[in-house]
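Residue numbers (my numbering), protein chains in the order written: chain D, 2 to 341; chain A, 3 to 421. Working notes, beginning with the structure itself.
Right, here's the structure in full:
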């Protein structure tokens, strides 16, 4: 009994000793889409400098911003990644909690692709096709709406093959899904004149709501899983990030959207319609308090990192144009606070 | 009379039949489960065995005084050295784009590998040395025969250009496959060829140590008090119901509790195995209490009565006689609870242990992750090579679970007493 108590006491004192020796390192949270890029930079940074390797958590864009805006103390994250721009409401929450100066750094673009198995014929879609195939409600032709009656791709557009609509994509909690709704669904929705007259809330509900009758299958957050399911089912289409298409080009092929194939150059130039910007946000108050933040920003915004031939393009990041890149590199170097 | 006899005989036959039917159904059920288990283990093993080897490429590196300052090795640009070595090995490659692809043949870590080797063996300096570099993940897959070179060029990541270089290297004996020690000795990496399991393994072990140190003594004390000392009352019933309920609470709830109490109120460091272990301890505590109480209850009351009859106090009777007999059951219950904790990711998500951690944690408050989280993160990575790492990490996790369960069985066999 006494022995056990001594052992417990020993463990507890070891814990306290460990607490004193904790190292101060950069803490990064946020989007799972930016995660692969952020971690790659963190790893390079840890190897090339004497600073400790930053800890990068994958919490999702919204979760990351919530943690980031929780306060200005050193126990809150220094940087948060986001696969969408920070919202005005989030900036307000930040300010309420004492996080007043934030630097916004855009890092590049990410394309969202619709792909199917190499064994099937490639799809040539338009945004309108995508909307008509996946929306919960579609225009009935008389100015009203009706539940989506389309069962096969040929119902949507006679030029498409006559196979059942079956699309596997991310669940509503995912940033990819948000971006897909905003870019692809809304883009297709806007091709109908009737939406112009709609109230804002009605418009959003009509354009963003994805059907729930089995044609759209929520396949989880794991894009590798979607690729696997596509190879098993040649009739299905999948929605995922460009980097997964690039890594699995032997198994799946990207559908063209509005005549543009999801390829590196097309996404970089903005010709491919379903592409979004990726960002990270820095808490200016922590610069100088947590060692290495400025150096980390310098590493991230170096030409060798995010440039056209940088190591992030290896990981699937689509770089920005030179002007934009210069502007955000300047913002990062000068810690220009975000103003909205 | 004879009527009764024949009818009983008829019944007997059908009763025997139904018994043998039941036995066969049982055997079938067990056979099915074992079969599926075997298929699962086999497929994970087949996928994961690739992680045990890795491809290396030999390159002649010029380490003479012209390229390396012999007095100040640190000042040398090793990335330039690696770059020039590759360009000299394949002098026919002059196009900028092609040269970039050529640099991608070796892992991104090549310059650090070279630096480490030179610093460790200064006698290499002064001449041209053949150095083995870790190959990049695409080359590694090729060396393992997992790249289908018959596909059209635009469907493979390795183009004809690279295949030509690889051919040349193979013919000259500059491509080899070695045991992938780095998988067990290094932390996570975004480059599949460099990624290792050590930081996650150490993180898991630290968390479990904290978890055990907290939940075992607390759980056993609570069980002993409730079983041996507490009077049966409404209160004790109420507590019992609550403990049973807690054992069934989804684990993410404990993570939320950890986030608001341990991180929010106590201000303990985020992502640390200390907090991870505390959250897991909360989760295992009910399991340990329930198992320990069952184990105490199975000690015959004659033991207690005999001890009390000899004049022992209740504390003496409990700690000298009952607890030693109940210990094997308590230990088994604890280890099973810990094994469950080992496989948890949900509660760790809330306290920041689902993270990319390169450095191996040195203490209980360093940032750390755990084995199942590592499996989750690798499974989510786009690079094809992470598939084998994922499976290998699952095998390590299963190995650890088997060790813990065997420990539970050994302890029980060693100390168990039957009456």
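Beta carbons: idealized from backbone N, C-alpha and C, even for Gly.
When rounded, the separation of the alpha-carbon atoms in residue 113 of chain A and residue 123 of chain A is 15 Å. If you keep only unbroken beta strand (DSSP E) runs of at least 3 residues inside the stretch 108–157 of chain D, you get 138–140, 146–148. Boundaries of the beta strand (DSSP E) around residue 82 of chain D: 80–83. Counting along the chain, the unbroken alpha helix (DSSP H) around residue 300 of chain D starts and ends at 294–301. For residue 304 of chain A, the closest C-alpha among the options A/380, A/324, A/286 is that of A/324. By the criterion of at least three beta-carbon pairs nearer than 8 Å, the stretch 285–304 of chain A is not in contact with the stretch 380–394 of chain A. Three or more Cβ pairs drawn from the stretch 28–47 of chain D and the stretch 59–68 of chain D lie within less than 8 Å of each other, which places the two stretches in contact. Proximity of the stretch 209–217 of chain A to the stretch 274–285 of chain A meets the contact definition, three or more beta-carbon pairs being nearer than 8 Å.
For the C-beta of residue 47 of chain D, the chain A residues within less than 9 Å are, from N- to C-terminus, 360, 361. For the set A/396, A/262, A/185, the Cα lying nearest the Cα of residue 198 of chain A is the one of A/185. Identification of chain D residues near residue 357 of chain A by a Cβ-Cβ cut-off of 7 Å yields 56, 57, 58, ordered along the chain.
Residue burial is scored here from C-beta neighbours: residue 393 of chain A has at least 16 other C-beta atoms within 10 angstroms and is therefore classed as buried. For the stretch 243–257 of chain D, the beta-carbon criterion of a distance under 8 Å to any beta-carbon of chain A is satisfied by 244, 245, 247, 248, 249, 250, 251.
Across the set A/56, A/71, A/130, the C-alpha of A/130 shows the shortest separation from the C-alpha of residue 90 of chain A. Nearest CB-CB separation between residue 187 of chain D and chain A: not below the 8 Å threshold. Straight-line spacing of the CA atoms in residue 317 of chain A and residue 301 of chain A works out to 16 Å. Under the Cβ criterion of 8 Å, residue 100 of chain A is not counted among the residues facing chain D.
Contact annotation, residue 220 of chain D with residue 227 of chain D: C-beta distance approximately 5 Å; criterion of less than 8 Å satisfied.
Residues of chain A whose Cβ lies closer than 7 Å to the Cβ of residue 53 of chain D are, in chain order, 361. Judged by DSSP secondary structure, residue 349 of chain A falls within the alpha helix (DSSP H) whose first and last residues are 348–352. With a contact defined as Cβ atoms closer than 8 Å, residue 265 of chain D and residue 319 of chain D qualify at about 7 Å. Interface flag for residue 44 of chain D against chain A is set, since a Cβ pair is found closer than 8 Å. Taking the Cα positions, residue 271 of chain A is about 15 Å away from residue 72 of chain D.
Not flagged as an interface residue toward chain D: residue 52 of chain A, since no C-beta distance is shorter than 8 Å.
Taking 8 Å as the threshold, the shortest C-beta distance from residue 191 of chain A to chain D falls below it. Distance from the Cα of residue 256 of chain D is smallest, within the candidate group D/310, D/89, D/113, D/93, for D/113.
A residue is called buried once 16 or more other Cβ atoms fall within 10 Å of its Cβ, and residue 26 of chain A, having fewer, is exposed. With contacts defined as CB atoms closer than 8 Å, residue 195 of chain D and residue 140 of chain D qualify as a contacting pair.
In the assembly as shown, residue 135 of chain D is a buried residue. Its beta-carbon has 16 or more other beta-carbons within 10 Å.
For the C-beta of residue 40 of chain D, the chain A residues within less than 7 Å are, from N- to C-terminus, 192, 358.
Per DSSP, reduced to three states, the secondary structure at residue 174 of chain D is coil, with no helix or strand assignment.
Boundaries cannot be given for residue 190 of chain A, as no beta strand (DSSP E) includes it and DSSP labels it neither H nor E. For the 8 Å CB-CB criterion, residue 78 of chain D and residue 42 of chain D do not form a contact. The Cβ of residue 153 of chain A sits closer than 8 Å to at least one Cβ of chain D. Neighbours of residue 272 of chain D in chain A, taken as residues whose beta carbon is under 9 Å from its own, are absent, since the nearest beta carbon is some 19 Å off. Rounded to the nearest angstrom, the Cβ distance from residue 187 of chain A to residue 196 of chain A is 11 Å, too far for a contact under 8 Å.
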